[in-house]
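A.B. asks: Dropping the structure in here first, questions after.
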Amino acid sequence: MGVRDGIVSLFDAVLDRAVVPGYTRIGYRLRTLEWPDDPPVDALRGRTALVTGSNRGLGKAIAAGLAGLGATVLLTVRDGAKGEQARAEILAEHPGADLRVEVCDMSDLAAVRAFAKDLAGRMAGLDVLIHNAGLLPAERTETSDGHEITLATHVLGPLLLTEGLLPLLRASSDPRVILMSSGGMYTQQLPVEDPEYRTGRYRGAIAYARSKRVQVAFTPILARRWAGIRVYSMHPGWADTPGVASSLPGFRRITGPLLRTAEEGADTAVWLAATKPAPPTGLFWHDRRPRPQHYLPTTWYSDDELQRMWRYCADAVGLD
1 MGVRDGIVSL
11 FDAVLDRAVV
21 PGYTRIGYRL
31 RTLEWPDDPP
41 VDALRGRTAL
51 VTGSNRGLGK
61 AIAAGLAGLG
71 ATVLLTVRDG
81 AKGEQARAEI
91 LAEHPGADLR
101 VEVCDMSDLA
111 AVRAFAKDLA
121 GRMAGLDVLI
131 HNAGLLPAER
141 TETSDGHEIT
151 LATHVLGPLL
161 LTEGLLPLLR
171 ASSDPRVILM
181 SSGGMYTQQL
191 PVEDPEYRTG
201 RYRGAIAYAR
211 SKRVQVAFTP
221 ILARRWAGIR
231 VYSMHPGWAD
241 TPGVASSLPG
251 FRRITGPLLR
261 TAEEGADTAV
271 WLAATKPAPP
281 TGLFWHDRRP
291 RPQHYLPTTW
301 YSDDELQRMW
311 RYCADAVGLD
């Protein structure tokens, strides 16, 4: 590494640890001056990508970014009508894009199993799977399976869907799986003693951040389990999306002028899906660079705690 590269890396690390400049549009725009090249305009021609939660916000921006690079995109949503609206809006931006609406509630494990089985029966392969579907509930809610809804949506559903789609992913010459996490996970420990948030005062933002911590903690495990498939987790920084507006209005009111656009928040997901050669598997990313999993000493966990958390989630969805 040369002196200039060292200075750039140091500056980037300072931005990341300072949080506010690093996670806002300030950090994004400064990093674009030195980051890796964009994928070529046809980087995903002939490839198929599935994006959950793609009717609005980051998911829609990711789907549009992939479509702009030539991918066939499966817009996977809970509400088919909203999916069709998103499809029309993306087509207006990218005329001729191959966009298909699929319906699946990622918090409903039976629905996820059925969806994976259906796709496996009618598709020859899948190149990119992006788990973006998410929610931040005001009150603790259990799914029909008895799981706290953020754990189900952000962790259990993605595990189950990916396992069900492994034959399709393995049919690809360069399969990639991307988990959309959150910078909020840096504040939380692995919830190994209370994975379903059954004790204490429930706070949706905490539940959200805990489940995002689990995604990041599991990334190296999944990279090993799904050998031959590149597995990434990432966070988008602070982006101005409908989800932020509805779930965190106070945060948006304070930070609004500094928030990234949805497209800026989606950038790293699109880049991880399309850039060549593929980045190394099993890492946590932000703004096209791998990042530490921890900044606070209070969030570290032991190997035993990680394995206990994994076992809980694996058992919940019936994995070996």
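For the sequence shown, the tail end lands on 320 under this note's numbering, and the numbers increase by one without skipping. Glycine residues also receive a C-beta, built at the ideal position from the N, C-alpha and C atoms.
Measuring CB atoms only, is the stretch 40-47 touching the stretch 63-73, in the sense that at least three cross pairs come out at less than 8 Å?
C.D. replies: yes
A.B. asks: Tell me the rounded alpha-carbon separation between PRO137 and ALA205.
C.D. replies: 8 Å
A.B. asks: So what does DSSP say about TYR301, is it helix, strand or coil?
C.D. replies: coil
A.B. asks: Classify HIS154 as helix, strand or coil using the three-state DSSP reduction.
C.D. replies: helix
A.B. asks: Tell me where the alpha helix (DSSP H) around ILE221 begins and ends.
C.D. replies: 204-225
A.B. asks: For the alpha helix (DSSP H) that ALA138 lies in, which residues bound it at each end?
C.D. replies: Segment: none, ALA138 is in no alpha helix (DSSP H) and carries neither H nor E.
A.B. asks: Taking the straight line between their C-alpha atoms, what separation do you get for SER173 and THR268?
C.D. replies: Straight-line spacing of the CA atoms in SER173 and THR268 works out to 21 Å.
A.B. asks: Would you mind working out which of ASP105, ASP127, TYR186 sits nearest THR150, comparing C-alpha positions?
C.D. replies: ASP105
A.B. asks: How many angstroms separate the CA atom of VAL3 from the CA atom of TRP285?
C.D. replies: Low per-residue confidence applies at VAL3: pLDDT is 47, beneath 50, and the placement is therefore not dependable, though the value from the model is reported in the following sentence. Going by the C-alpha atoms only, they are around 24 Å apart.
A.B. asks: Can you find at least 3 beta carbon pairs, one from the stretch 310-318 and one from the stretch 197-204, that sit closer than 8 Å?
C.D. replies: no
A.B. asks: Just list the residues that DSSP pairs PRO290 with in beta bridges.
C.D. replies: Answer by DSSP bridge pairing, in chain order: TRP285.
A.B. asks: Put VAL230 into one of helix, strand or coil per three-state DSSP.
C.D. replies: The residue you asked about is not Val; residue 230 is Arg in the sequence shown. In this structure, ARG230 counts as strand in the three-state DSSP scheme.
A.B. asks: Can you give the Cα-Cα distance for LEU126 and ALA239, rounded to whole angstroms?
C.D. replies: 28 Å
A.B. asks: If we count the other Cβ atoms within 10 Å of its Cβ and call it buried at 16 or more, is VAL214 buried or exposed?
C.D. replies: buried
A.B. asks: Consult DSSP for VAL177 and reduce its assignment to one of helix, strand or coil.
C.D. replies: strand
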